[in-house]
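Numbering (the numbering used here), first residue to last: 57 to 370.
All C-beta atoms, glycine included, are put in the ideal place defined by N, C-alpha and C.
Quick caveat, the model's predicted, so the values are computed rather than measured.
Dropping the structure here:
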């Protein structure tokens, strides 16, 4: 179950036979003035690890040159989209990587907190670790519109998937490489962040949050709230439909049955007080709502059983 954790920074991260943990940091960029500082900080923060920093660039300025000068592996992004940038980066990480870190290139996150972010994974009690920006957010780092959108999306995820997250849309996260290999990620846009959490939850991966610093960005914001917000919510609904259809069917069917009880209450009250039923249309509506609701719930249960059987065959 997802929750919050307070983590201390490790002094030295070793795996079997005294080999350093391999950490790959992926940073998508699009005209990022602060990229040199971000890459340099990330490399210094991971001096006790076997680390690489991969920048997936879609810039029209000299971001790629500055990232390479700071020590990053730079690759151009052929397509476009937030999710596509990360999937491009995933395809380039070293085969012996243990942990993959995802972060932005606009200096909103403190790269020196990467060891704290990956610590739950290194210590073996998390597969996916999310940085909760609301724990240490600087004034003005996030506008009210984006903050409200984040809360709505996070609350929706929590309700539908039984999570307890504070910040589902954080761009600062780490995932165990073997866990990443099990995920089926396809969205190439901003909904990619939610898709990762949903798929991780469906595959019973351990998800935790740690408090992280969130600062005012350097450069232009890439998130388009009016466009990306509805896309993210649409993804959440589609994922529920595909992975847990019973949640949708039981909600719709339950509402229909509840409405039938309300409308039926008037019919029953009239019959008890007068001994006759005159509201025939309302009686028919009550029967239709109740029977339809039960049928919808039954369809959901059947779909859930079929999906469970299909998953066992994989």
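- Residue burial annotation: residue 333 is exposed, with fewer than 16 other C-beta atoms found within 10 angstroms of its C-beta.
- Between residue 353 and residue 309, the gap from beta carbon to beta carbon is short of 8 Å.
- Annotation: the stretch 176–249 contains the following complete segments of the alpha helix (DSSP H) (minimum length 4 residues), in chain order: 200–217, 233–236.
- In the structure shown, residue 119 falls within a helical segment according to DSSP collapsed to helix, strand and coil.
- Looking at the DSSP output, residue 78 bridges to 106.
- Each of 361, 341, 223 was checked against the Cα of residue 318, and the nearest Cα belongs to 341.
- Looking at 231, 138, 97, the one whose alpha-carbon comes closest to that of residue 242 is 138.
- For residue 149, there is no enclosing alpha helix (DSSP H), as DSSP marks it with neither H nor E.
- Contact between the stretch 139–151 and the stretch 245–261 is present: 3 or more CB-CB pairs across the two stretches fall below 8 Å.
- The stretch 155–171 and the stretch 251–269 touch, with no fewer than 3 CB-CB distances between them shorter than 8 Å.
- Taking all protein chains shown into account, residue 233 has 16 or more neighbouring C-beta atoms within 10 Å of its C-beta and is therefore buried.
- Nearest Cα to residue 154 within the set 177, 127, 163: 177.
- Per DSSP, residue 267 lies in no alpha helix (DSSP H) segment; the continuous beta strand (DSSP E) that holds it begins and ends at 263–270.
- Distance from the CA atom of residue 164 to the CA atom of residue 200, rounded to whole angstroms, is 17 Å.
- By the Cβ neighbour-count rule, residue 84 is buried, with 16 or more other Cβ atoms within 10 Å of its own.
- With a beta-carbon spacing of about 12 Å, residue 95 and residue 113 fall beyond the 8 Å limit used to define contacts.
- Assignment of residue 172 by DSSP, reduced to helix, strand and coil, places it in the helix class.
- Residue 215 and residue 316 have their C-alpha atoms roughly 25 Å apart.
- Residue pairing of residue 113 in beta bridges, as defined by DSSP: 85, 132.
- Per DSSP, residue 159 is not a residue of any alpha helix (DSSP H), being assigned neither H nor E.
- Ranked by Cα distance from residue 236, the options 193, 313, 156 are led by 156.
- Spatial neighbours of residue 194 in its own chain (CB-CB distance under 7 Å, excluding positions within 5 residues in sequence) are listed in chain order as 270, 271, 272.
- Between the alpha carbons of residue 135 and residue 260 lies a distance of about 31 Å.
- As the crow flies, the alpha-carbon of residue 128 is around 34 Å from that of residue 258.
- Residue 355 sits away from residue 322, with the two beta carbons spaced by 8 Å or more.
- For residue 306, the enclosing alpha helix (DSSP H) stretches over residues 301–330.
- Residues 255 of the same chain have their beta carbon placed closer than 8 Å to that of residue 240, with the five preceding and five following residues left out of the count.
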